[in-house]
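Residue numbers (my numbering): 48 to 277. Presented below is the structure to which this report refers.
Printed below as a string of C-alpha coordinates:
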(Lines of atoms letter the chains of each structure in order from A and count residues from 1; the text may use other names and numbers.)
(Lines give C-alpha, C1' and ligand atoms only; values in the text may rest on other atoms or scores of the structure.)
Protein backbone atom coordinates (compact mmCIF):
# COMPACT_ATOMS: atom_id res chain seq x y z
CA UNK A 1 0.00 0.00 0.00
CA UNK A 2 2.90 2.37 0.61
CA UNK A 3 3.82 2.12 -3.07
CA UNK A 4 0.28 2.92 -4.21
CA UNK A 5 -0.16 5.80 -1.80
CA UNK A 6 3.06 7.37 -3.02
CA UNK A 7 1.46 7.66 -6.48
CA UNK A 8 -1.41 9.78 -5.12
CA UNK A 9 0.27 13.13 -5.66
CA UNK A 10 -1.55 13.58 -8.96
CA UNK A 11 -5.01 12.75 -7.58
CA UNK A 12 -7.05 15.86 -6.67
CA UNK A 13 -8.67 16.33 -3.22
CA UNK A 14 -6.73 13.37 -1.84
CA UNK A 15 -4.01 13.83 0.73
CA UNK A 16 -1.41 11.02 0.70
CA UNK A 17 -0.87 11.53 4.42
CA UNK A 18 -4.60 11.36 5.09
CA UNK A 19 -5.00 8.21 3.01
CA UNK A 20 -1.94 6.58 4.55
CA UNK A 21 -3.16 7.24 8.07
CA UNK A 22 -6.46 5.58 7.23
CA UNK A 23 -5.49 2.71 4.92
CA UNK A 24 -2.48 1.69 6.98
CA UNK A 25 -4.41 1.90 10.22
CA UNK A 26 -4.06 -0.90 12.74
CA UNK A 27 -7.83 -1.36 12.34
CA UNK A 28 -7.25 -3.03 8.97
CA UNK A 29 -6.51 -6.66 9.76
CA UNK A 30 -6.54 -9.44 7.12
CA UNK A 31 -8.68 -12.41 8.07
CA UNK A 32 -8.37 -15.91 6.57
CA UNK A 33 -11.45 -17.54 5.09
CA UNK A 34 -12.44 -21.17 5.59
CA UNK A 35 -11.00 -22.31 2.27
CA UNK A 36 -7.47 -21.60 3.53
CA UNK A 37 -6.54 -19.72 0.33
CA UNK A 38 -8.36 -16.42 0.67
CA UNK A 39 -7.95 -13.37 2.86
CA UNK A 40 -10.58 -10.78 3.69
CA UNK A 41 -9.39 -7.25 4.35
CA UNK A 42 -12.10 -5.31 6.14
CA UNK A 43 -11.61 -1.59 5.53
CA UNK A 44 -13.01 0.50 8.41
CA UNK A 45 -15.02 3.64 7.69
CA UNK A 46 -12.92 6.81 7.89
CA UNK A 47 -13.29 8.80 11.11
CA UNK A 48 -15.94 11.50 10.90
CA UNK A 49 -13.41 14.25 11.54
CA UNK A 50 -11.49 13.30 8.40
CA UNK A 51 -14.52 13.65 6.12
CA UNK A 52 -15.76 16.93 7.58
CA UNK A 53 -14.02 20.07 6.37
CA UNK A 54 -15.80 22.51 8.68
CA UNK A 55 -18.79 23.34 6.49
CA UNK A 56 -19.82 20.10 4.81
CA UNK A 57 -18.83 16.49 4.48
CA UNK A 58 -16.66 15.30 1.62
CA UNK A 59 -16.07 11.63 0.88
CA UNK A 60 -14.56 11.85 -2.60
CA UNK A 61 -11.09 11.11 -1.25
CA UNK A 62 -12.30 7.86 0.31
CA UNK A 63 -13.14 6.13 -2.98
CA UNK A 64 -9.93 7.44 -4.57
CA UNK A 65 -7.88 6.18 -1.64
CA UNK A 66 -9.47 2.74 -1.86
CA UNK A 67 -8.82 2.64 -5.62
CA UNK A 68 -5.14 3.41 -5.06
CA UNK A 69 -4.89 0.70 -2.42
CA UNK A 70 -6.53 -1.83 -4.74
CA UNK A 71 -4.15 -0.91 -7.56
CA UNK A 72 -1.20 -1.39 -5.23
CA UNK A 73 -2.44 -4.81 -4.19
CA UNK A 74 -2.85 -5.92 -7.79
CA UNK A 75 0.84 -5.17 -8.43
CA UNK A 76 1.87 -7.82 -5.91
CA UNK A 77 2.85 -11.17 -7.47
CA UNK A 78 1.29 -13.02 -4.55
CA UNK A 79 -2.18 -11.72 -5.45
CA UNK A 80 -4.08 -14.00 -7.85
CA UNK A 81 -7.49 -12.35 -7.71
CA UNK A 82 -9.14 -9.40 -6.01
CA UNK A 83 -12.89 -9.09 -5.57
CA UNK A 84 -15.46 -7.32 -3.42
CA UNK A 85 -17.08 -9.50 -0.77
CA UNK A 86 -20.62 -8.38 -0.01
CA UNK A 87 -21.79 -8.71 3.57
CA UNK A 88 -24.73 -11.16 3.83
CA UNK A 89 -28.10 -9.72 4.78
CA UNK A 90 -31.04 -11.61 6.26
CA UNK A 91 -33.99 -10.86 3.97
CA UNK A 92 -37.12 -12.98 3.55
CA UNK A 93 -38.83 -11.34 0.60
CA UNK A 94 -37.54 -13.90 -1.93
CA UNK A 95 -37.17 -16.96 0.31
CA UNK A 96 -40.37 -18.75 -0.70
CA UNK A 97 -39.58 -18.33 -4.40
CA UNK A 98 -36.04 -19.65 -3.92
CA UNK A 99 -37.17 -22.73 -1.98
CA UNK A 100 -39.87 -23.79 -4.40
CA UNK A 101 -39.11 -22.15 -7.72
CA UNK A 102 -35.33 -21.78 -7.87
CA UNK A 103 -35.47 -18.04 -7.28
CA UNK A 104 -37.93 -17.07 -10.03
CA UNK A 105 -40.20 -14.55 -8.32
CA UNK A 106 -43.86 -15.56 -8.53
CA UNK A 107 -43.11 -19.10 -9.76
CA UNK A 108 -44.82 -21.32 -7.16
CA UNK A 109 -45.19 -25.00 -8.12
CA UNK A 110 -45.79 -26.01 -4.48
CA UNK A 111 -48.56 -23.45 -4.05
CA UNK A 112 -50.04 -24.39 -7.41
CA UNK A 113 -50.30 -27.96 -6.13
CA UNK A 114 -52.10 -26.76 -2.99
CA UNK A 115 -49.11 -27.29 -0.67
CA UNK A 116 -48.93 -24.50 1.90
CA UNK A 117 -48.31 -26.42 5.13
CA UNK A 118 -51.85 -26.91 6.36
CA UNK A 119 -52.06 -29.28 9.33
CA UNK A 120 -48.29 -29.49 9.76
CA UNK A 121 -46.03 -28.53 12.69
CA UNK A 122 -42.40 -27.68 12.00
CA UNK A 123 -39.77 -28.07 14.72
CA UNK A 124 -36.98 -25.48 14.57
CA UNK A 125 -33.95 -25.00 16.83
CA UNK A 126 -32.02 -21.76 16.42
CA UNK A 127 -30.84 -18.54 18.09
CA UNK A 128 -34.32 -17.47 19.16
CA UNK A 129 -37.69 -16.38 17.82
CA UNK A 130 -39.29 -12.94 17.86
CA UNK A 131 -42.86 -13.93 18.73
CA UNK A 132 -43.86 -10.28 18.53
CA UNK A 133 -43.14 -10.17 14.80
CA UNK A 134 -46.23 -9.85 12.64
CA UNK A 135 -45.22 -13.12 10.98
CA UNK A 136 -45.69 -15.02 14.27
CA UNK A 137 -47.75 -12.80 16.58
CA UNK A 138 -51.13 -13.95 17.92
CA UNK A 139 -52.76 -11.46 20.29
CA UNK A 140 -55.52 -13.90 21.25
CA UNK A 141 -53.34 -16.91 22.11
CA UNK A 142 -49.95 -15.81 23.43
CA UNK A 143 -47.32 -18.55 23.71
CA UNK A 144 -44.85 -17.66 26.45
CA UNK A 145 -41.33 -19.12 26.33
CA UNK A 146 -40.79 -21.70 29.07
CA UNK A 147 -37.85 -23.93 29.94
CA UNK A 148 -39.45 -26.93 31.69
CA UNK A 149 -42.67 -28.88 31.13
CA UNK A 150 -43.53 -26.67 28.17
CA UNK A 151 -47.15 -27.07 27.05
CA UNK A 152 -48.40 -27.14 23.47
CA UNK A 153 -51.09 -24.65 22.46
CA UNK A 154 -52.59 -25.65 19.13
CA UNK A 155 -54.91 -22.63 19.27
CA UNK A 156 -52.02 -20.25 18.57
CA UNK A 157 -52.02 -19.39 14.89
CA UNK A 158 -48.22 -19.90 14.62
CA UNK A 159 -46.07 -20.64 17.69
CA UNK A 160 -47.65 -23.58 19.52
CA UNK A 161 -44.60 -24.22 21.74
CA UNK A 162 -41.50 -22.21 22.71
CA UNK A 163 -38.82 -23.99 24.73
CA UNK A 164 -36.46 -21.36 26.16
CA UNK A 165 -33.45 -23.62 26.69
CA UNK A 166 -31.13 -20.59 26.30
CA UNK A 167 -33.02 -17.37 26.92
CA UNK A 168 -36.42 -17.26 25.20
CA UNK A 169 -35.84 -14.34 22.81
CA UNK A 170 -34.02 -13.30 19.66
CA UNK A 171 -31.98 -10.23 18.77
CA UNK A 172 -33.21 -7.75 16.17
CA UNK A 173 -32.79 -9.30 12.73
CA UNK A 174 -31.83 -12.54 14.43
CA UNK A 175 -30.92 -15.71 12.55
CA UNK A 176 -33.60 -17.82 14.29
CA UNK A 177 -36.43 -15.45 13.37
CA UNK A 178 -35.12 -15.29 9.80
CA UNK A 179 -35.00 -19.08 9.45
CA UNK A 180 -38.39 -19.63 11.07
CA UNK A 181 -39.87 -16.89 8.90
CA UNK A 182 -38.50 -18.51 5.75
CA UNK A 183 -40.22 -21.74 6.74
CA UNK A 184 -43.57 -20.87 8.33
CA UNK A 185 -43.83 -17.10 8.72
CA UNK A 186 -47.24 -15.63 7.85
CA UNK A 187 -48.03 -11.98 8.40
CA UNK A 188 -51.24 -10.87 10.10
CA UNK A 189 -50.88 -7.35 8.69
CA UNK A 190 -52.38 -6.49 5.32
CA UNK A 191 -49.99 -5.90 2.41
CA UNK A 192 -47.01 -7.53 4.15
CA UNK A 193 -47.65 -11.09 2.96
CA UNK A 194 -44.88 -10.80 0.37
CA UNK A 195 -42.37 -12.16 2.90
CA UNK A 196 -44.41 -15.15 4.07
CA UNK A 197 -42.61 -18.46 4.48
CA UNK A 198 -42.70 -21.44 2.13
CA UNK A 199 -45.13 -23.35 4.43
CA UNK A 200 -47.10 -20.28 5.46
CA UNK A 201 -50.06 -22.21 6.88
CA UNK A 202 -47.96 -24.54 9.06
CA UNK A 203 -47.26 -23.95 12.77
CA UNK A 204 -43.99 -24.10 14.68
CA UNK A 205 -42.48 -25.63 17.81
CA UNK A 206 -39.35 -23.66 18.67
CA UNK A 207 -36.31 -24.68 20.72
CA UNK A 208 -34.13 -21.69 21.66
CA UNK A 209 -30.35 -22.34 21.83
CA UNK A 210 -29.06 -18.77 21.40
CA UNK A 211 -27.77 -16.84 24.42
CA UNK A 212 -27.64 -13.04 24.71
CA UNK A 213 -23.85 -13.02 24.37
CA UNK A 214 -24.01 -14.79 21.01
CA UNK A 215 -23.09 -18.25 22.30
CA UNK A 216 -25.04 -21.34 21.27
CA UNK A 217 -26.05 -23.62 24.14
CA UNK A 218 -26.82 -27.23 23.28
CA UNK A 219 -28.44 -29.87 25.53
CA UNK A 220 -26.27 -32.71 26.80
CA UNK A 221 -29.09 -35.25 26.47
CA UNK A 222 -30.45 -34.81 22.96
CA UNK A 223 -33.48 -37.05 23.44
CA UNK A 224 -34.71 -35.92 26.87
CA UNK A 225 -33.96 -32.22 26.55
CA UNK A 226 -34.23 -31.62 22.82
CA UNK A 227 -36.52 -34.15 21.12
CA UNK A 228 -38.87 -35.32 23.86
CA UNK A 229 -40.32 -31.88 24.80
CA UNK A 230 -41.64 -31.47 21.25
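All residues carry an ideal CB built from backbone N, CA and C; glycine is no exception. The structure presented is a predicted model; accordingly, all values stated were derived computationally and were not measured.
Let me check one thing: in DSSP terms, what residues is residue i bridge-paired to?
i, result
"residue 209", "253"
"residue 246", "Answer by DSSP bridge pairing: none, since residue 246 is not bridged."
"residue 193", "210"
My output table needs one value for residue i: the three-state DSSP class, helix, strand or coil.
i, result
"residue 234", "coil"
"residue 172", "strand"
"residue 264", "coil"
"residue 119", "helix"
"residue 241", "helix"
I think residue i touches residue j, with their Cβ atoms under 8 angstroms apart; what is that distance to the nearest whole Å?
i, j, result
"residue 153", "residue 141", "About 10 angstroms; that fails the 8 angstroms criterion."
"residue 178", "residue 209", "7 angstroms"
"residue 228", "residue 215", "About 18 angstroms; that fails the 8 angstroms criterion."
"residue 181", "residue 145", "Not a contact, Cβ separation roughly 21 angstroms."
"residue 172", "residue 113", "About 41 angstroms separates the two Cβ atoms, so there is no contact after all."
Report all residues from its chain with a CB closer than 7 angstroms to the CB of residue i; omit the five preceding and five following residues, and keep chain order.
i, result
"residue 156", "147, 148"
"residue 164", "231, 246, 247, 248, 249"
Quick one: what's got a C-beta closer than 6 angstroms to residue i's C-beta in the same chain, skipping five residues either side?
i, result
"residue 266", "272, 273"
"residue 194", "211"
"residue 186", "none"
"residue 158", "none"
"residue 192", "209, 211, 215"
Where does the unbroken alpha helix (DSSP H) through residue i begin, and where does it stop?
i, result
"residue 148", "142-148"
"residue 156", "156-159"
CB of residue i to nearest heavy atom of the ligand ATP: below 6 angstroms?
i, result
"residue 150", "The ligand ATP is absent from the structure shown, which contains no ligand whatsoever."
Which residues in the same chain have their Cβ closer than 8 angstroms to the Cβ of residue i, if we skip the five residues on either side of it in sequence?
i, result
"residue 184", "178, 205, 235"
"residue 270", "none"
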